[in-house]
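Enquirer:
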Amino acid sequence: EANNGLIVPDLILNAGGVTVSYFEWLKNLSNVRFGRLTRKWEESKQRLLLESSTYDGVAIKLDEQLSKKIIKGPTELDIV
88 EANNGLIVPD LILNAGGVTV SYFEWLKNLS NVRFGRLTRK WEESKQRLLL
138 ESSTYDGVAI KLDEQLSKKI IKGPTELDIV
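The sequence shown begins at 88 in my numbering and counts up by one.
1. In whole angstroms, give me the CA-to-CA distance for Glu88 and Ile99.
2. Of all the options Glu130, Asn115, Glu111 and Thr125, which has the alpha carbon lying nearest to the alpha carbon of Lys156?
3. How would you write the range of the alpha helix (DSSP H) that Thr106 sits in, first residue to last?
4. Considering Cα atoms alone, identify which of Thr125, Glu138 and Ile147 is closest to Pro161.
5. Looking only at C-alpha atoms, which of Trp128, Lys127, Val145 and Ser154 sits nearest to Leu137?
6. Can you grab the Cα-Cα spacing for the pair Leu149 / Arg134, in whole Å?
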């Protein structure tokens with residue numbers, strides 16, 4: 088305290104690293120690859136957007152192949 092510095096216990100400083108390690112451990116337990124959750128989230132958002140799209144109050148219907156191209160989320164290579 089002679090230098091007017093803040094003294095923080097190491098237990099508090101280490102809490103962030105421990106929390107991140109815990110979530111990484113959970114991810115590894117369920118065998119979730121990097122980017123997989125991001126892809127699912129993006130695909131669900133794109134699907135919701137397509138399903139709610141209208142033109143002059145009429146629902147827009149796209150063929151299945153085009154819908155799949157629009158909905159398809161990023162692969163791991165796309166993210167990296």
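Where a beta carbon is used, it is the ideal one built from N, C-alpha and C, also for glycine.
Owing to the predicted nature of the structure, the values given are computational and were not obtained by experimental measurement.
Expert: In brief:
1. With a pLDDT of 49 at Glu88, under the threshold of 50, the modelled position of that residue is not reliable, and the figure given next carries that caveat. If you take the alpha carbons of Glu88 and Ile99, they lie about 18 Å apart.
2. Of Glu130, Asn115, Glu111 and Thr125, the residue nearest in Cα terms is Glu130.
3. Ala102 to Leu116 is the span of the alpha helix (DSSP H), which, as asked, contains Thr106.
4. The residue among Thr125, Glu138 and Ile147 with its C-alpha nearest the C-alpha of Pro161 is Thr125.
5. Looking at the Cα atoms, Ser154 is the closest of the given residues.
6. Going from the Cα of Leu149 to the Cα of Arg134 covers about 12 Å.
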